[in-house]
Amino acid sequence: MSILENLNEQQIAAVKQVEGPVIVFAGAGTGKTKTLTSRIAYMISEKNINPKNILAITFNKKATNEMRERISNLCGEEAKYVTISTIHSFCARILRQTITKLGYEKNFEIIDDDDANKLINELYKELDLSRKYFSPKAAYNIISAYKNGIGELNGVPKQIYDHYQKSLKENNQVDFDDLLVLTEEIFTSFPDVLEHFQNKYQYILVDEFQDTNIIQYSIIKLLALKHQNIFVVGDDDQSIYSFRGANVGNMYQFSKDFDAKLFKLTQNYRSTNAILKGSNNLISHNLKREKKELYSENPGSLQDIVIHDAYYYEDEPRFIVDEIKKLVRNGYDYKDIAILYRTNVISRNIELALIENGIPYVIYGGFAFLKRKEIKDVISYLKFIMDSENIFHFKRIINLPARGIGDKTIEKLLEGKEAKGLTLFEAIDELHSSSASSKTEALVNFKNLIISLKEDFDTMQLPDFYEHMLNVTGYLDYIKEQALEDEETHRIDNIQEFKSILVQLETRPDLQDLTSKEKLLVGFDDVILDETLGTKQDVNGVVLSTVHSVKGLEFKVVFVTALEEGIFPSLKNDSEIEEERRIAYVAFTRAKEKVYMTCVSRRLIYGRVVLNQKSRFITEYIASQDWKEHLEEKKEAADNTPIKTGDKVVHFNFGEGIVVSENNAIIQVLFDKDHSLRKILRNHPSLRKK
DNA sequence: TCTCCATGAGTTTTT
DNA sequence: CTCATGGAGA
Numbered sequence: 053m054s055i056l057e058n059l060n061e062q063q064i065a066a067v068k069q070v071e072g073p074v075i076v077f078a079g080a081g082t083g084k085t086k087t088l089t090s091r092i093a094y095m096i097s098e099k100n101i102n103p104k105n106i107l108a109i110t111f112n113k114k115a116t117n118e119m120r121e122r123i124s125n126l127c128g129e130e131a132k133y134v135t136i137s138t139i140h141s142f143c144a145r146i147l148r149q150t151i152t153k154l155g156y157e158k159n160f161e162i163i164d165d166d167d168a169n170k171l172i173n174e175l176y177k178e179l180d181l182s183r184k185y186f187s188p189k190a191a192y193n194i195i196s197a198y199k200n201g202i203g204e205l206n207g208v209p210k211q212i213y214d215h216y217q218k219s220l221k222e223n224n225q226v227d228f229d230d231l232l233v234l235t236e237e238i239f240t241s242f243p244d245v246l247e248h249f250q251n252k253y254q255y256i257l258v259d260e261f262q263d264t265n266i267i268q269y270s271i272i273k274l275l276a277l278k279h280q281n282i283f284v285v286g287d288d289d290q291s292i293y294s295f296r297g298a299n300v301g302n303m304y305q306f307s308k309d310f311d312a313k314l315f316k317l318t319q320n321y322r323s324t325n326a327i328l329k330g331s332n333n334l335i336s337h338n339l340k341r342e343k344k345e346l347y348s349e350n351p352g353s354l355q356d357i358v359i360h361d362a363y364y365y366e367d368e369p370r371f372i373v374d375e376i377k378k379l380v381r382n383g384y385d386y387k388d389i390a391i392l393y394r395t396n397v398i399s400r401n402i403e404l405a406l407i408e409n410g411i412p413y414v415i416y417g418g419f420a421f422l423k424r425k426e427i428k429d430v431i432s433y434l435k436f437i438m439d440s441e442n443i444f445h446f447k448r449i450i451n452l453p454a455r456g457i458g459d460k461t462i463e464k465l466l467e468g469k470e471a472k473g474l475t476l477f478e479a480i481d482e483l484h485s486s487s488a489s490s491k492t493e494a495l496v497n498f499k500n501l502i503i504s505l506k507e508d509f510d511t512m513q514l515p516d517f518y519e520h521m522l523n524v525t526g527y528l529d530y531i532k533e534q535a536l537e538d539e540e541t542h543r544i545d546n547i548q549e550f551k552s553i554l555v556q557l558e559t560r561p562d563l564q565d566l567t568s569k570e571k572l573l574v575g576f577d578d579v580i581l582d583e584t585l586g587t588k589q590d591v592n593g594v595v596l597s598t599v600h601s602v603k604g605l606e607f608k609v610v611f612v613t614a615l616e617e618g619i620f621p622s623l624k625n626d627s628e629i630e631e632e633r634r635i636a637y638v639a640f641t642r643a644k645e646k647v648y649m650t651c652v653s654r655r656l657i658y659g660r661v662v663l664n665q666k667s668r669f670i671t672e673y674i675a676s677q678d679w680k681e682h683l684e685e686k687k688e689a690a691d692n693t694p695i696k697t698g699d700k701v702v703h704f705n706f707g708e709g710i711v712v713s714e715n716n717a718i719i720q721v722l723f724d725k726d727h728s729l730r731k732i733l734r735n736h737p738s739l740r741k742k
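What the first sequence shows, in the numbering used here, is residues 53 to 742, in sequence order.
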């Protein structure tokens, strides 16, 4: 029974409950994913359940990859027959088989939210709508929320929605939200289809259940209805995605919808008790939660919780850099350390300080590979070559590189095409013969270029064709030129990186018998729904990240920065403060050994220095008495040391201020009252530490 | 059609 | 401060 060997009693109980509905409330670091993967392995190895009947839903692609690896470590080969997927990928797969029932074509295209926004922008122009009350982006957000089961559609968003859906359907496109909406529609409108999938996926497991939204839960519920073998794991204290519809309520609703057995995992294997105690203190301020106190067998020490409450914004990065240097001297790797923040703007000063001090770092999250302009461009080229009636991609690439064809020319071309019912290429010829100009000439040249590329596409292997295409379209030269101007050579790297995706597609064993076109169509589904692509792994650097992006990860040392009212928590009403507190909870519980909290009372943000109060989360974290004593002790000890940069001081004449630099006996002090910067002797009698 | 300035807005993010 | 957007003018 090696599968159960390394599990505790709570975990084993959850693993063994294979039949029927089960919900597990699993606190941070309690082995949630371990329990889930062990359970799948147990089902296959011990209960002889066919892996093809098992469906595991994960939060994102990264979790998918990790889960598959962990299951195959436990039970080998069989792991690859388990369906492990994000809900979106899963729905995409269902729709590839069934979407014709809803009047879309089988080879529908999935568009991302940039493309969706672009389309809505065009609709605004077409409908001559004002952007004042609803910007196109705001309208898209409302539409997206609506599709995910939140809010109503009225007025402008409703009007846009109708046109938007019509346009998508006409172009045989679906957006990310449609993947869910249409799948639910299939399941509710076609009971026989639903039953087919219910029988296929008799055992369903959902990870990170606290971050599912209404429609996702609805789809999962429909699937599980017949066999009732549904296992969901989550932590209501770690629900941090409500801004995009995640509904913690699903966790409470689940027990009502299903007659579920409830398990709790509370033994934490990640952090020391010192860290957990503060985290428990903090999260206990949330009223809406399932109560659970995490504990650990590793006591840890209060010395491993450090609060750095500084006066001036420059002090925060300086402190962090100093501490990192100390940590590394004491044997920590850079990659053991994470610097977390509530919003991305906070990272800038810290990043600069790291660069200045030669500390290697990796920024998490950031801009997804596939959202990068150059990647979207080459995808559009490929898609347009495969389908030259696709106006959407035509518009994207026609003037990249500049061919002197602008909006007006395209408008005229498309008008002619519509009026006479021509294909795009026929319309180009028609326009050229009726009113020849340099622009129509360029259009004809472009048409001929694409026609010849279509022939090459059928005869060449994907990676070779890709190179060829980049050359003859002039796109590579265009990017190289841009890279030279803006010193953004990574664009060239990205384009090369995309080639490796094509190499993978070309060599994937399950796709060997397909044509290039079929390979690409399969590939695009995988690729477009996978944000992990193009990210470099295994760099030994300090991790810089928002709290959201480190969900599920752990680090030996964690710096939680900018813990200031207005930033973390960002200004919120009472109900939203609970989510902010959960975000803080997630941040603190990432740490295994050491937690640093930093805040400053004068922060530079958007080029302006603002006054910030210390975050309530610090106060809540250190709520217990021994804590406060520990911190006061530290303060006294610090006061006897000589005045140095970053210290708060009080001057007899000038009042309070902060030391911003030092040079032997002379220090420079920035004074609070009149914002003056003065040079003063370090041991001048009228100066003392605050 | 492109380029240059003024203006304004400014969480969190995956699919 | 920094980025995106829109309008004016070349």
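Here a beta-carbon is modelled for each residue, glycine too, at the ideal position from N, C-alpha and C. Model, not experiment: these values are computed from the prediction.
- Taking a cut-off of 8 angstroms for Cβ pairs, the region 632-650 and the region 432-441 do not touch, as fewer than three such pairs fall below it.
- A direct Cα-Cα distance of roughly 25 angstroms separates residue 389 from residue 116.
- Counting the other Cβ atoms within 10 Å of the Cβ of residue 155 gives fewer than 16, which makes it exposed.
- In the DSSP assignment, residue 714 falls within the beta strand (DSSP E) that extends over 707-715.
- The residue from 176, 261 and 242 with its alpha-carbon nearest to that of residue 74 is 261.
- The alpha-carbon separation between residue 325 and residue 625 amounts to approximately 31 angstroms.
- In the assembly as shown, residue 107 is a buried residue. Its beta-carbon has 16 or more other beta-carbons within 10 Å.
- Annotation for residue 240: no beta strand (DSSP E) segment contains it, though the alpha helix (DSSP H) segment containing it runs 228-241.
- Beta bridge pairing from DSSP links residue 286 with 77.
- In the DSSP annotation of this structure, the continuous segment of the alpha helix (DSSP H) that includes residue 331 starts and ends at 325-335.
- If you look at residue 645, you'll find it in the beta strand (DSSP E) that goes 643-657.
- For residue 214, the uninterrupted alpha helix (DSSP H) run begins and ends at 207-222, by DSSP.
- Short of 7 angstroms from the beta carbon of residue 361, and not among the five residues preceding or following it, lie these beta carbons of its own chain, in chain order: 651 and 666.
- In this structure residue 344 is in contact with residue 79, their Cβ atoms being roughly 6 angstroms apart against a cut-off of 8 angstroms.
- DSSP places residue 304 in the uninterrupted alpha helix (DSSP H) bounded by 301-309.
- When only Cα atoms are considered, residue 172 and residue 180 end up about 12 angstroms apart.
- Contact check for residue 268 against residue 232 passes: the beta carbons are separated by less than 8 angstroms.
- Contact between the region 590-603 and the region 399-412 is present, with at least three C-beta pairs closer than 8 angstroms.
- Contact check for residue 395 against residue 598 passes: the beta carbons are separated by less than 8 angstroms.
- The region 274-287 and the region 245-260 touch, with no fewer than 3 CB-CB distances between them shorter than 8 angstroms.
- The way I'd put it, the region 163-170 doesn't touch the region 143-154; fewer than three beta-carbon pairs between them come closer than 8 angstroms.
- The Cβ atoms of residue 724 and residue 708 lie closer than 8 angstroms to each other.
- Taking all protein chains in view, the Cβ of residue 524 is surrounded by fewer than 16 other Cβ atoms within 10 Å, so the residue is classified as exposed.
- Distance check between residue 208 and each of 176, 224 and 218 places 176 closest, using alpha-carbon atoms only.
- The DSSP-derived three-state label of residue 162 is strand.
- Under DSSP, residue 730 shares a beta bridge with 721.
- According to the DSSP assignment, residue 275 belongs to the alpha helix (DSSP H) that extends over 266-276.
- Judged by DSSP in its simplified three-state form, residue 703 adopts strand.
- Nearest to residue 83 by alpha-carbon distance, out of 70, 305 and 119, is 119.
- Bridge partners of residue 445 according to DSSP: none are assigned.
- Under a 10 Å Cβ-count criterion, residue 718 is classified as exposed, with fewer than 16 other Cβ atoms of the shown protein chains found around its own Cβ.
- Distances from the alpha-carbon of residue 314 to those of 330, 291, 287 and 294 put 287 closest.
- The C-beta of residue 658 has fewer than 16 other C-beta atoms within 10 Å across all chains shown, which makes the residue exposed.
- Inclusion of residue 638 and residue 608 in the CB contact set at 8 angstroms is not warranted, their separation being larger than that value.
- Of the candidates 610, 605, 633 and 422, the residue whose Cα lies closest to the Cα of residue 616 is 633.
- Between residue 281 and residue 254 a beta carbon distance of about 6 angstroms is seen, short of the 8 angstroms cut, so the two are scored as contacting.
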